[in-house]
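Going letter by letter, the sequence shown gives residues 19 to 312 in my numbering.
Working notes, structure below.
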Amino acid sequence: MSLLTRARAMIEADRKLTGTEPVAAKKPPTAPARVIAIANQKGGVGKTTTAINLSTALAAAGHSVLLVDLDPQGNASTGLGLARNARGHGMFAVLAEGYAIADTVRETMIPGLSILPADPDLAAAELELVSASHRETRLKAALAAWGALPHHDFVIIDCPPSLGLLTLNGLIAAQDVLVPLQCEFFALEGITQITQTIEAVRKRLNPALSLHGIVLTMYDRRNNLSDLVAEDVRGFFGNKVYDTVIPRNIRVSEAPSHGKPVLLYDWKSPGSQAYIRLAAELVERMGQASGRGA
Ligand code: ADP
Ligand code: MG
């Protein structure tokens, strides 16, 4: 009898004796999802594009992902093929009307990626919630009530271009903030505001929150300014800045009008390849080497 066979026989005998499963057969406890808010109070810096394509690339790599569209413009919802009139109840219903997430979550065309869409009323949420109780913690509470966190590897929140109540809900539900930064002249000035906000929220409302990283977007290698900005931001924020840089790429901007992430629209394009690398870098930085069940 080989050593291995003997060891197996002993474990088996012990299991029968004690009536318990051998330790090796126990499943590791399931870790809760990493909740990542994609935020920057500036509009047009690539938040929504990053939310759509990072979520898609993570799902394509076998992770289970929930995308939360917190922007009243609903571009993340449209960009994933959910036309405005086909969305039903969305984040306004959840935040302001007490709808359960289970009644609003939708599957997307990408296996492993579901979405909580924005609804046309979401713009009214900022006002509607002003005098409401627990107004800043509603997203966090709704996610917890649904039990979303143990079933997903990642929850990605696309925040609107402002630091109002919707973004605040995103920052309180999240542990990590990923800040897209457009490679342009005033990039560094703009980022001070979001880093100060993260700090204020961390101190007063959500001690678990941190600036996870900064991703440079719309990088144009023909433009010297892009390099100067990238150098500046790396000099200031060091390794918080992702190695992966998202290039300015026409295919990225065309994809939403086809209701698809760029990975489905043209997976060979430089934009798609960059978002695949970004997802891999994010997983590596978060120390989550493999998808759940993979
Ligand atoms: P935000 O959500 O921060 O307002 P968006 O993701 O909507 O920004 O991007 C603003 C505009 O820039 C959109 O028209 C989008 O298609 C375009 N865009 C974003 N990223 C890229 C890119 N890498 N290359 C080309 N166009 C891009
Ligand atoms: Mg947006």
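All C-beta atoms, glycine included, are put in the ideal place defined by N, C-alpha and C.
Measuring CB to CB, does residue i end up less than 9 Å from residue j?
i	j	result
Ala75	Ala136	no
Val197	Ser228	no
Val112	Thr122	yes
Asp139	Phe110	yes
Leu161	Val83	no
Leu167	Cys177	no
Val63	Val173	no
Tyr283	Pro265	no
Ile212	Ala78	no
Met127	Gly99	yes
Thr262	Ala218	no
Leu243	Ile175	no
Asp87	Ile133	yes
His215	Leu246	Note that residue 215 is Thr in the sequence shown here, rather than His. Result no, Cβ atoms of Thr215 and Leu246 do not sit closer than 9 Å.
Val301	Asn71	no
Arg150	Ala114	Residue 150 is actually Ala in this sequence, not Arg. The answer is yes: Cβ separation under 9 Å.
His169	Ala69	no
What span of residues does the beta strand (DSSP E) with residue i cover, start to end?
i	result
Asp176	172-176
Across which residues does DSSP place residue i in a beta bridge pair?
i	result
Ser318	Residue 318 lies beyond the range of the chain shown here (19 to 312); nothing can be said about it.
Ala55	Ile175, Val195
Could you spell out the range, first to last residue, of the alpha helix (DSSP H) harbouring residue i?
i	result
Val301	288-304
Ala49	Per DSSP, Ala49 belongs to no alpha helix (DSSP H) and is neither H nor E.
Trp164	156-164
Asn71	65-78
Asn103	Element bounds for Asn103: n/a, residue is neither H nor E.
Ala143	140-146
Tyr283	280-283
With 9 Å set as the bound, which would you pick, yes or no: does the beta-carbon of residue i sit closer than that to a beta-carbon of chain D?
i	result
Glu299	Chain labels in this structure do not include chain D; a single protein chain is all it has.
Next on the checklist: Restricting to runs no shorter than 4 residues, where is the alpha helix (DSSP H) found entirely within the stretch 179-267?
Outcome noted: 183-191, 205-222, 242-255
Next on the checklist: Check whether the stretch 198-212 and the stretch 112-123 are in contact - that is, three or more C-beta pairs closer than 8 Å.
Outcome noted: no
Item to check | Stretch pair the stretch 151-166 + the stretch 180-189: three plus CB contacts closer than 8 Å | outcome: yes
Checklist entry - Does the stretch 55-66 come close enough to the stretch 138-146 to have 3 or more Cβ pairs within less than 8 Å? => result no
Next on the checklist: Count Cβ pairs between the stretch 272-284 and the stretch 225-242 that sit closer than 8 Å; are there 3 or more?
Outcome noted: no
Checklist entry - For the 8 Å Cβ check, are there 3 or more pairs between the stretch 193-203 and the stretch 246-264? => result yes
Item to check | Touching by the beta-carbon criterion (3+ pairs, under 8 Å), the stretch 217-226 and the stretch 284-291 | outcome: no
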